[in-house]
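In the order they appear, the protein sequences are chains B and F.
Going by the working numbering, the letters in the first sequence line up with residues 110 to 476, in that order.
Going by the working numbering, the letters in the second sequence line up with residues 93 to 439, in that order.
Glycine included, C-beta positions come from ideal geometry on N, C-alpha and C.
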Amino acid sequence: MKFSISREALLRPLTLVAGVVERRQTLPVLSNVLIDVKDDSVSLTGTDLEVELVGRTVPATVDVAGSATVPARKLMDICKSLAEGSDITIAVEEGRAILRAGRSRFTLSTLPVAEFPNIDEGQGEAEITLTRGTLKHLIDATSFAMAQQDVRYYLNGMLIDLRDQLVRAVATDGHRLAVCARDAEFTLDKPFKMILPRKGVLELARLLDDSDEPLTLTLGNNHLRAHTGNYTFTSKLVDGKFPDYERVVPKGGDKQFCADRAELRQVLSRTAILSNEKYRGVRLNLDEGNLRVTANNPDQEEAEENVSVEYQGSALEIGFNVGYLVDVLNVLGCEQVQMTLSDPNSSALLEAQGGSDALYVVMPMRL
Amino acid sequence: MKKILHADCDCFYAAVEMRDNPALADRPIAVGGRADHRGVIATCNYPARAFGVRSAMPSAQALKLCPELEIIRPDFERYRAVSADIQALFFELTPKVEPLSLDEAYLDVSDVIRFQGSATWMARWLKEQALSRTGITLSVGAAPNKFLAKIASDWDKPDGLRVITPDQADAFIDQLAVSKLHGVGPATAAKLERLGIRTCPELRDVSLARLLENFGKFGQRLYELSRGIDHREVNITRERKSVSVETTFDQDLPDLAACQQAVTALVVKLDERLARHEHPPLNKLFVKVRFNDFSITTLETSGVTPGLEIYQHLLDEAWHRRARPVRLLGVGVRLTPPDDLKQLGLF
Chain B
110 MKFSISREAL LRPLTLVAGV VERRQTLPVL SNVLIDVKDD SVSLTGTDLE
160 VELVGRTVPA TVDVAGSATV PARKLMDICK SLAEGSDITI AVEEGRAILR
210 AGRSRFTLST LPVAEFPNID EGQGEAEITL TRGTLKHLID ATSFAMAQQD
260 VRYYLNGMLI DLRDQLVRAV ATDGHRLAVC ARDAEFTLDK PFKMILPRKG
310 VLELARLLDD SDEPLTLTLG NNHLRAHTGN YTFTSKLVDG KFPDYERVVP
360 KGGDKQFCAD RAELRQVLSR TAILSNEKYR GVRLNLDEGN LRVTANNPDQ
410 EEAEENVSVE YQGSALEIGF NVGYLVDVLN VLGCEQVQMT LSDPNSSALL
460 EAQGGSDALY VVMPMRL
Chain F
93 MKKILHADCD CFYAAVEMRD NPALADRPIA VGGRADHRGV IATCNYPARA
143 FGVRSAMPSA QALKLCPELE IIRPDFERYR AVSADIQALF FELTPKVEPL
193 SLDEAYLDVS DVIRFQGSAT WMARWLKEQA LSRTGITLSV GAAPNKFLAK
243 IASDWDKPDG LRVITPDQAD AFIDQLAVSK LHGVGPATAA KLERLGIRTC
293 PELRDVSLAR LLENFGKFGQ RLYELSRGID HREVNITRER KSVSVETTFD
343 QDLPDLAACQ QAVTALVVKL DERLARHEHP PLNKLFVKVR FNDFSITTLE
393 TSGVTPGLEI YQHLLDEAWH RRARPVRLLG VGVRLTPPDD LKQLGLF
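1. Out of curiosity, what's the CA-to-CA distance linking V335 of chain F and H336 of chain B?
2. Give me the chain F residues within the contact set of Y469 of chain B, using Cβ-Cβ distance strictly less than 8 Å, ordered along the chain.
3. Against chain F, which members of the segment 270 to 281 of chain B pass a CB distance test of less than 9 Å?
4. Using a C-beta cutoff of 9 Å, does T393 of chain F count as contacting chain B?
5. Given that G437 of chain F touches chain B, what residues does it touch there, using C-beta distances under 7 Å?
6. Is R389 of chain B buried or exposed, if buried means 16 or more other CB atoms sit within 10 Å of its CB?
7. Could you tell me the distance, in whole angstroms, from the CA atom of E285 of chain F to the CA atom of T291 of chain F?
8. Check the Cβ of T397 of chain F against every Cβ in chain B and list those closer than 8 Å, keeping chain order.
9. Helix, strand or coil: which one does DSSP assign to S387 of chain F?
10. For V276 of chain F, name the three-state secondary structure that DSSP assigns.
11. Report the option in B:L119, B:P300, B:D466 whose CA atom is closest to the CA atom of D196 of chain B.
12. May I have a chain-ordered list of the alpha helix (DSSP H) segments no shorter than 4 residues that lie completely inside the segment 189 to 255 of chain F?
13. From the DSSP output, which residues share a beta bridge with N439 of chain B?
14. By the three-class DSSP mapping on this structure, what secondary structure does E161 of chain B have?
15. Would you give the residue range spanned by the alpha helix (DSSP H) that L136 of chain B belongs to?
16. Apart from the five residues on each side of it in sequence, which residues of its chain come closer than 8 Å, Cβ to Cβ, to D363 of chain F?
17. Should P373 of chain F be flagged as near chain B, meaning a C-beta pair shorter than 9 Å?
18. Can you list, in chain order, the residues of its chain whose CB lies under 6 Å from that of F253 of chain B, leaving out five sequence neighbours each side?
19. So, helix, strand or coil for S214 of chain B, using DSSP?
20. Would you say R392 of chain B lies against chain F (beta-carbon separation less than 9 Å)?
21. If you measure from the beta carbon of P191 of chain F to each beta carbon in chain B, is any gap under 9 Å?
22. Out of F:L97, F:E392, F:H405, which one is the CA nearest neighbour of T212 of chain F?
23. Cα-Cα, which of F:F239, F:K219, F:N237, F:K238 is closest to L230 of chain F?
24. Which whole-angstrom value describes the C-beta separation of S176 of chain B and V222 of chain B, a residue pair presumed to lie in contact below a C-beta threshold of 8 Å?
25. I need the boundaries of the beta strand (DSSP E) containing E414 of chain B, first residue and last residue.
26. Contact check, T243 of chain B vs A293 of chain B under 8 Å by CB: the rounded distance?
27. Would you list the residues sitting across from H332 of chain B in a DSSP beta bridge?
28. Nearest by alpha-carbon distance to I163 of chain F: which of F:E409, F:P139, F:F378 is it?
29. Using three-state DSSP, classify M472 of chain B as helix, strand or coil.
30. Is it buried or exposed for H323 of chain F, if we count other Cβ within 10 angstroms and need 16 for buried?
31. Buried or exposed for A169 of chain B, please, with buried defined as at least 16 other CB atoms from any protein chain shown within 10 angstroms of its CB.
32. For R205 of chain B, which three-state DSSP category applies?
33. Distance cutoff 9 Å, beta carbons only. Does N430 of chain B sit that close to anything in chain F?
34. In the DSSP assignment, find the unbroken beta strand (DSSP E) run with G155 of chain B in it and report its ends.
35. Counting only Cβ-Cβ distances shorter than 8 Å, please list the residues of the segment 375 to 388 of chain B near chain F, keeping chain order.
36. Could you tell me whether the segment 278 to 294 of chain B touches the segment 361 to 377 of chain B, where touching means 3 or more Cβ pairs closer than 8 Å?
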């Protein structure tokens, strides 16, 4: 194997592919990236056995086609630190990979290509096409609510619920829940639900942008494959039953107020400074036209803020983990946010004023 | 039907000491405080037990029973490290682990599918792994509930493995003395004996009404235990109610000034201990004073800042209740019950 390529052509796919590679590996070859050189293309593959990413790029010249695996992170760090516009040559000589650029030369170890594992993705059940922008919007609106290392393993991921011309993403850690749904131009014979693992969601998001470029999803029983531009992403799916999110969305809230989203977010962020660091509880006191936000901590320090709200109705005091509220206000893109409450022990519904494609449910804290 | 394991390290602190210094293995040793400092025995090895040495015994008394007893000062850092390895092992089997102390835990293995769901194999695996990874031997009891599992782990100690299957439970309880029941100490055992009750079958013959009359709320528990009923869940988040530090002084502190001086070091230690628990939310502060006549007084106040000033204030008031030399001082905090500060769940 021997080819040359510009630093820029190599760096972007290499960075994305190296993101999939875990720092700590059980199998040595998993810390490597597979470089496969054909006559006029170079493909890079990284995997952690759960998520696999293949990125393709164009070489300047190919002297000898072939393939090799080299340490992903080291290769990325070398390419990153070379000067912009460098021309890079990579060749395998006597079982080692030699990288040359200008007057620099690096010799990297390799491992046999045959040891590099494939994700065995099985049969695709259906294939749909949507845009990168649609999926990015859904992930951005909901991914913060995914659980992390929860024993309820099926919460450590995102539910993607596909129906004819509708795609919906749901994430929850058991304390709060985020749902976002968008119309899309695809047809599907029967609804399809899958749980994409947390890491898969985060890596897939890195491939997306706000564009209308097409993104093809191949839906399998155990795998999801996403194909867009020069990238092919494959992830195993979480085998489990996701909670029924429709049941969790509160219906009977009778205390609804509206506030300026940016102002409310700032008020909460400031109050949070003096909340208990571990529990992060803040108290909301809702009254006609005013919302008072207070917090205190074990050092008996106190914060109090008042913010004007559109509200008429009976007073209510309710506690929340302030982080859960701020997370929602961060992703809502609207001017005015609307919050619907019923009592101190029942969940709150947050959404853009008048509703939009996303809604958020947050359970209160007993303070 | 549930499957509960109770795993208990054999003479844990002493076992760690013997592991790290094998020369100690065949000699009577104990871990505890110095005899000339009014120390007590925390744990002792089996050679020491042969002399009648027991945990919680004053070190001075232990030395009378066994003059060659070697008493080692405890090194909790080291014990905690070994404990963490053993706890990690428990969590490899199931997330449903209720640690009771550094060396003891309940495991709810009802849903474990490894080892074909066999509690016996799981117990055997725990014992093998604990020994090979940490050099510590475990005694494990397996039973349909917590109280039987705990009795079972104690049955063949050390290095024991006793399984009580649901259909063996009745026969097992029939042979138990009431003193084996959880919560029945010497006082309750004596009281039961006065009522003519020595064994579980005898206890079972007593009506619930009579037990409630004699033992109050605990009567209900006795009624259930004697029938092998124990509905307690393996409690994954064990609730810590307080954090405190106390010291028995080598020499009694003669007056309030000496006490005030001594409390400073305790408050520093308390602060370290709270840091180790990540500064949990508190709602009360207290002091404890044991005078040289062994009378105890405690005084508490609501507050969330465990500073020196407030403890000195509490101590001042508590000391004046008896105004005599002091043998032991303690300072502590009561934690806000988690139920008062709780994130509610969606499902």
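For this structure:
1. 56 Å
2. Ordered by position in chain F, no residue passes the 8 Å Cβ test against Y469 of chain B, which lies about 12 Å from the chain.
3. T281
4. no
5. G283, H284, M472
6. buried
7. 9 Å
8. P407, D408, Q409
9. coil
10. coil
11. B:L119
12. 211 to 226, 238 to 247
13. None; N439 of chain B has no bridge partner.
14. strand
15. Per DSSP, L136 of chain B belongs to no alpha helix (DSSP H) and is neither H nor E.
16. P398
17. yes
18. D436
19. This sequence places Arg at residue 214 of chain B; Ser is not what is there. In the structure shown, R214 of chain B sits in a strand (DSSP, three-state: E or B).
20. no
21. no
22. F:L97
23. F:K219
24. 5 Å
25. 411 to 417
26. 6 Å
27. B:K345
28. F:P139
29. coil
30. exposed
31. exposed
32. strand
33. yes
34. 151 to 156
35. N385, E386, K387, Y388
36. no
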